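Below is one structure; the comments refer to it alone.
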Amino acid sequence: MTECVNHVIPWVMLGSEDLHELWASIVQIAIAIYVLASYMSWACVAPVIVPIVCVAVTVPVTQRIAVLSNLKEVRILGIGGYTSSLLQRLRVEEITPSTHFRRLIAAIIVLSQGTIVLGPFVTFALYAIILRINDDPNFTASKAFTSLSLINLIAAPILVLIQSLPSFAAGLSSLSRIESFVSSTTSSDGRKLQDEKSSLNARCLYLRGPEADHSIEDQELSELEPSISSYYTSQRTLENSIIVRQAKFGWKADSDVINSCNFEIQDGALTVIMGPVGCGKSTLLYGHLNAIRYNSGQVWVKHRNVSLCEQTPWLVSGSIRHNITCGTAFDQHWYDEILDACALV
C-alpha cells in the first residue's frame, strides 16, 4: 500500500495543480468566442480550429514513435533481420529527401505555435473574406485591435488547456489505480510468528489455510496442528527454509494458478525453478511473499524477511540458442562469446 501511494500520489498532485485552470479556461474561451463573434461573425471559430489541426497532424507521428519504441515483439517473433532491413530502407528513403523533412519539421513547429501565431492571421483572413462577400467595408482600427485582443484572450486559455489536460488525465488515472487497489479484495495473511525464545517450533512462521481458526493467537503450534507439528519441529525441518504442502495460489479466489504443490527448500541452497513460459514460476514466488491470494494448503517458512528481485520476462519458450539468435544467422564464435559472457557454460 505504501509503495502504491508513494508512486501514485505525486501524479495525482501534479494533475490537480491546474484543476481550476481547466474549467476557467473553458469558460474564458467560450466568453471570448462569444464576444469575438459580435465583431467578426463566424470567423471567430478560427482560433479553435488551429489547435485541432495541430492535433490531427501530430497523431500519426505519435503512432510511429510508439511502434519504434516497442520492438521486443519483433525479436520474439524472430523477424529481427527482416525488420532491420525494412527499417534501414525506410531510413534511407527518409534521409534522401532531407530538404522535405526539414520543411516538415518547420511546419510542425509552426503548427504547434499556431494558436498564437496563426490564430490572428487566419481569423482576420476569414473575416476579410466575409467582408468581401457581404460587400461591407465597415472595418475600423478600433474594431481590429479589439478583435486582436479577444483572439489573444482565446489563445492563452487554449494553451493552458492543452498543456494541463495530459497531467490532469494522468492524475485521474492514478486515482483510478488507488481506487482499484483500495476496493480490491484483501488476501488473508495467516502468518503467525511467535517469540523465538519461547519454544522450538516458535522459530518458524506458519501460514495456515483460509479454513483455519485465526482467532487463536497465543497457543503453541503443536496444539493447533498436532498432526504436522512433530514433522515441523524435527531436525529435518530445521534444515529447510521453506516447506510447502498442498498449497494453492492464484490471482483470484476462484482461479488457482499453482495447484497442490509440494516441495522443500534447504537453507543455503541454490534453488532453480524451471518451466515453460507462463507456467506460474513468478506466481509461485509471489505466493511465498503473500503478494497474491493464498487459497489453501500449508506453507511454512523459517524467516519473515524475504527479498524478491524480479525482472521483465524476455524469453521465448525455446532453447538457449533460439533465445540468443532469435532467427538470425548462426555465428559459432559470437555465440560462444555470448554464452561465456552470460555464464551459461
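Take any residue in the sequence shown, note its place counting from 1, add 1, and you have its number in this note's numbering. For each residue, glycine too, the CB sits at the ideal point set by N, CA and C. None of these values were measured; they are calculated from a predicted model.
Integer Cβ distance of residue i from residue j, believed to fall under 8 Å
i: SER168; j: ASP19; result: 7 Å
i: ILE259; j: LEU285; result: 5 Å
i: ALA47; j: THR97; result: Not quite, the Cβ-Cβ distance comes to about 37 Å (not below 8 Å), so this is no contact.
i: LEU127; j: LEU37; result: Not quite, the Cβ-Cβ distance comes to about 12 Å (not below 8 Å), so this is no contact.
i: GLY82; j: GLY328; result: 7 Å
i: ILE274; j: ILE159; result: The Cβ separation is near 55 Å, so there is no contact.
i: TRP335; j: ILE293; result: Their Cβ separation, rounded to whole angstroms, is 40 Å, which puts TRP335 and ILE293 out of contact at 8 Å.
i: LEU23; j: LEU162; result: 6 Å
i: ALA33; j: LEU154; result: 4 Å
C-alpha gap between residue i and residue j, whole angstroms
i: SER85; j: GLU240; result: 53 Å
i: ASN296; j: PHE250; result: 6 Å
i: ILE10; j: VAL317; result: 36 Å
i: ILE179; j: VAL302; result: 31 Å
i: GLY172; j: LEU166; result: 10 Å
i: ASP337; j: ALA344; result: 11 Å
i: ALA270; j: SER242; result: 9 Å
i: PHE122; j: ALA129; result: 10 Å
i: GLU94; j: LEU88; result: 10 Å
i: ALA342; j: ILE50; result: 57 Å
i: ILE321; j: CYS280; result: 18 Å
i: ASN263; j: ASP257; result: 15 Å
i: ALA25; j: LEU132; result: 33 Å
i: GLN333; j: PRO277; result: 26 Å
i: ASP196; j: ASN306; result: Per-residue confidence for ASP196 stands at a pLDDT of 36, beneath the threshold of 50, marking its modelled position as unreliable; the derived number appears in the next sentence. Approximately 16 Å, taken between the alpha carbons.
i: ILE325; j: GLN312; result: 18 Å
i: PHE182; j: ASP268; result: 35 Å
i: VAL21; j: ILE27; result: Note that residue 21 is His in the sequence shown here, rather than Val. Spanning the two alpha carbons is a distance of roughly 10 Å.
i: GLY120; j: TYR35; result: 16 Å
i: SER184; j: ASP255; result: 18 Å
i: PHE331; j: THR272; result: 32 Å
i: ILE244; j: VAL346; result: 31 Å
i: SER261; j: ALA248; result: 5 Å
i: LEU91; j: ASN135; result: 51 Å
Proximity winner among the options, relative to residue i (alpha-carbon distances)
i: GLN299; options: ARG246, THR272, THR329 and THR326; result: ARG246
i: CYS310; options: SER283, LEU132, ALA330 and LEU15; result: SER283
i: LEU290; options: HIS304, VAL54 and LEU37; result: HIS304
i: ALA156; options: ILE53, CYS262, GLY279 and ILE321; result: ILE53
i: SER308; options: GLY288, CYS327 and ILE27; result: GLY288
i: HIS323; options: LEU340, THR313 and GLN312; result: LEU340
i: LYS144; options: SER181, ALA170, ILE134 and SER42; result: SER42
i: VAL13; options: TYR35, SER177, PHE146 and ARG90; result: SER177
i: SER423; options: SER181, GLY120, THR147 and ASN135; result: Residue 423 is absent from the model: the chain starts at 2 and stops at 346.
i: SER17; options: ILE134, ASN135, LEU91 and ALA170; result: ALA170
Span of the beta strand (DSSP E), counted from its first residue to its last, around residue i
i: ILE244; result: 241 to 251
i: SER261; result: 259 to 267
For residue i: DSSP bridge partner residues
i: TRP335; result: Answer is none; TRP335 lacks a bridge partner.
i: GLN299; result: ARG246
i: ARG294; result: GLY251
i: SER256; result: LYS253
Span of the alpha helix (DSSP H) around residue i
i: LYS282; result: 282 to 289
i: ASN324; result: 321 to 326
Contact with chain B by residue i, beta-carbon distance below 8 Å
i: SER168; result: The chain inventory of the structure shown lacks chain B, comprising one protein chain alone.
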